[in-house]
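**Student:** Sequence positions in the sequence shown follow UniProt numbering and run 1 to 346.
Even for Gly, the Cβ is constructed at its ideal location relative to N, Cα and C.
Computed from a prediction, not measured in an experiment: that's the story for all the values here.
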Amino acid sequence: MPTEGKPCGNVSCWCHWRGESLMTAETLPMVVLSTEQFEPGIRVQAFETAAAAICKLAIEPRSPESYTSSTTIKILPGAVMARTSHSASVTKRTRAMAADEGDNILIHIPLNHGFSMTQAGGASIECKAGEVYLDPNEVAGRAVFHAERSDLFYVSIPRAVLSQSSRTLNGRLRQTMQVSPQWRMFIRYAQSLDAEAEGLAPLERAQYCAHLHELAQIALNAEDSARMEAQGRGVRAARLRALKAEIDAHATEPGLSLAAIAATQCISERYARALFSEDQTTFRDYLTRKRMQNVRRMLADPAQDHRSISDLAMASGFGDLSWFNKCYRQLFGETPSDSRALAQQG
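1. Just to confirm before moving on: does the CB-CB distance between residue 256 and residue 333 stay below 8 Å?
2. Please state whether DSSP places residue 154 in a helix, a strand or coil.
3. Going by C-alpha to C-alpha distance, which of 195, 240, 342 and 75 sits closest to residue 392?
4. Quick one: residues in its chain with C-beta nearer than 6 Å to the C-beta of residue 23, no 5 flanking neighbours on either side, listed in chain order?
5. Considering only C-alpha positions, which residue in the set 164, 194 and 145 is nearest to residue 125?
6. Is the closest heavy atom of the ligand FAD to the C-beta of residue 303 under 7 Å?
7. Starting from the Cα of residue 214, find the closest Cα among 238, 182, 127 and 242 and give me that residue.
8. Tell me the start and end of each unbroken beta strand (DSSP E) in the stretch 37-93 that is at least 3 residues and wholly inside, in chain order.
9. Hey, could you find the ends of the beta strand (DSSP E) residue 327 is sitting in?
10. Terminal residues of the continuous alpha helix (DSSP H) containing residue 103?
11. Would you decide whether residue 141 is buried or exposed? Buried here means 16 or more other CB atoms lie within 10 Å of its CB.
12. Per the contact definition of three or more C-beta pairs closer than 8 Å, is the stretch 199-216 in contact with the stretch 69-84?
13. Out of 106, 104, 114 and 138, state which residue places its alpha-carbon closest to the alpha-carbon of residue 95.
14. Could you give the DSSP three-state label for residue 108: helix, strand or coil?
15. How long is the line joining the alpha carbons of residue 185 and residue 282, rounded to whole angstroms?
16. Assuming residue 171 is part of the alpha helix (DSSP H), what are its boundary residues?
17. Residues in its own chain within less than 6 Å of residue 252 by CB, not counting five upstream and five downstream?
18. Out of 103, 87, 191 and 220, point me to the one whose CA is closest to residue 114's CA.
19. Are residue 222 and residue 180 touching if we call contact CB-CB under 8 Å?
20. Indicate the three-state DSSP secondary structure (helix, strand or coil) for residue 209 in the structure shown.
21. Report back the beta-carbon spacing between residue 28 and residue 198 to the nearest angstrom; my notes put them in contact at under 8 Å.
22. Compute the Euclidean distance between the alpha carbons of residue 220 and residue 107, then round it to the nearest angstrom.
23. Tell me the DSSP secondary structure of residue 307 in three-state form.
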C-alpha cells in the first residue's frame, strides 16, 4: 500500500488508495493524477483507468515512452468535470466501451489546440479552441490530438437534463458550436465550480450543479433560438425576393398595388409591408425606383429617341408627370432631358 499520502506505481493499488479517500460524504469524489506518478510502462493504463470516471477510453500515445498527461476529475451531483493536459495521442471509445456507458453528454472544450473527432453516425469534425463539441457517451468514436500539448476542459451532464430545454438536442450532438456569450457563461461557471468544489459542502455542490445545468440549458436554448431566427430570416428574405421579382415583372402596370403583389405570394398586405420595412424600404419606393430605372434605360436607347419623355414615363407606369420629374431628379441628380442629351452625346 502507498505511504505518506502518495500512491505507489501500481495502477490497481493507486485506484484502491484513491477510493479509500472518497468514502466519506463530506469528501469530494475526485481523481488527480500525473504521469510523474507512474513508470513509463504503465502510464497509459493508469490514465485509461482514471478516465473511466468520466468516460471509458483507450489511449494510443504518439510516443508511449514519452507520453505525458495530468488530469483532475471531480464527480459532483449531476455533473462530472475534468481538466486535462496531455501530449499528442489518439483516444478511442470502442463499441464495447460505449455500450457500457451511461446516458450522459460529454461537452468537450479545447482551451488551446483543437482536435479531430469522428463518431459513429457522424461526420469527421474539427473542433478548435473557441468551439465546443457535444459527445454522446454511448456512441463509439475516435479523437486525434495532434499538438505536442493539448489543454482541455470537459463537463459531463445527463442527457435528460439537456433534453429538458432543447427539442433539437439530438441534432446538436456530434457537432461543434461556436462559444457564444451563453456558452462562455457556462464554461466560466463550470471552471469556477471546478476550482472551488472541494471547499463546498455537499448540499452546496448540489445547488451549484443545478445552476450549472440551467446555464447549459440556456446555452443550448440560445443555439436553438439563433438557428430558428436564422431560418426565419431565410424564409422572410426568400419571400421578399419573391415580392420584388413580382414587382419587377409588373412594374410598368399603372395600377400595381402592394395588396395585389402580396396576394400572389399568399401573404397579407401587412406582412408584405413589414418585409419591405425590414429591408429599409417601402413597396412604393421600390416600385418607383424600378420604374425610374426603366425610363432611364429607354432614354439611353437610340431606338426610343422618337418617343417623348412623357410617353416613356407613362409607358413605365407613371401617371403624374410632375411627380415623375421630381423623383427622377432626386434619384439621378439630373433631369430626364439631361439624361437623354448625355446619352446622345455618347
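**Tutor:** Concretely, from the data shown:
1. As a first step, residue 256 must be located in the sequence shown, where it is residue number 256. As a first step, residue 333 must be located in the sequence shown, where it is residue number 333. No, they are not a contact pair.
2. As a first step, residue 154 must be located in the sequence shown, where it is residue number 154. In this structure, residue 154 counts as strand in the three-state DSSP scheme.
3. With the chain covering 1 to 346 only, the question about residue 392 has no answer from this structure.
4. The sequence position of residue 23 within the sequence shown is 23, counting from 1. Because the pLDDT at residue 23 is just 32, under 50, the model does not fix this residue reliably, and the value given afterwards should be weighed accordingly. So the list is empty, once near-sequence residues are dropped.
5. Along the sequence shown, one-based indexing puts residue 125 at 125. Nearest C-alpha to residue 125: 145.
6. As presented, the structure is devoid of all ligands, the ligand FAD included, so that no description of it is given.
7. Here the question's residue 214 lines up with position 214 in the sequence shown. For the residues 238, 182, 127 and 242, the minimum Cα distance to residue 214 belongs to 182.
8. 58-61, 69-76, 79-86 and 89-93
9. Residue 327 sits at position 327 when you count from the first residue of the sequence shown. First-last for residue 327: 321-332, but that is the alpha helix (DSSP H), not the beta strand (DSSP E).
10. For this step, residue 103 is matched to residue 103 along the sequence shown. Unbroken run through residue 103: none, as it is neither H nor E.
11. Taking the first residue of the sequence shown as position 1, residue 141 is located at position 141. Under this definition residue 141 is a buried residue.
12. yes
13. Indexing the sequence shown from 1 puts residue 95 at position 95. Residue 138 is the option with its Cα nearest to residue 95.
14. The residue you call residue 108 lines up with position 108 of the sequence shown. In this structure, residue 108 counts as strand in the three-state DSSP scheme.
15. Against the sequence shown, residue 185 aligns to sequence position 185. Against the sequence shown, residue 282 aligns to sequence position 282. Using only the alpha carbons, I get a separation of about 40 Å.
16. Taking the first residue of the sequence shown as 1, we reach residue 171 at position 171. Here the alpha helix (DSSP H) through residue 171 covers 169-172.
17. The sequence position of residue 252 within the sequence shown is 252, counting from 1. Cβ neighbours of residue 252 beyond the five flanking positions: 316 and 317.
18. Walking along the sequence shown from the start, residue 114 turns up at place 114. The option with the nearest alpha carbon to residue 114 is 87.
19. On the sequence shown, residue 222 is found 222 positions in, with the first residue counted as 1. On the sequence shown, residue 180 is found 180 positions in, with the first residue counted as 1. Yes, Cβ-Cβ distance for residue 222 and residue 180 is below 8 Å.
20. Counting from 1 along the sequence shown, the entry for residue 209 is found at position 209. It is helical.
21. Within the sequence shown, numbered from 1, the residue matching residue 28 stands at position 28. Within the sequence shown, numbered from 1, the residue matching residue 198 stands at position 198. Right, their Cβ atoms sit about 5 Å apart.
22. Looking up residue 220 in the sequence shown gives position 220. Looking up residue 107 in the sequence shown gives position 107. Answer to the nearest angstrom: the Cα atoms are 12 Å apart.
23. Looking up residue 307 in the sequence shown gives position 307. DSSP places residue 307 in coil when its eight states are reduced to three.
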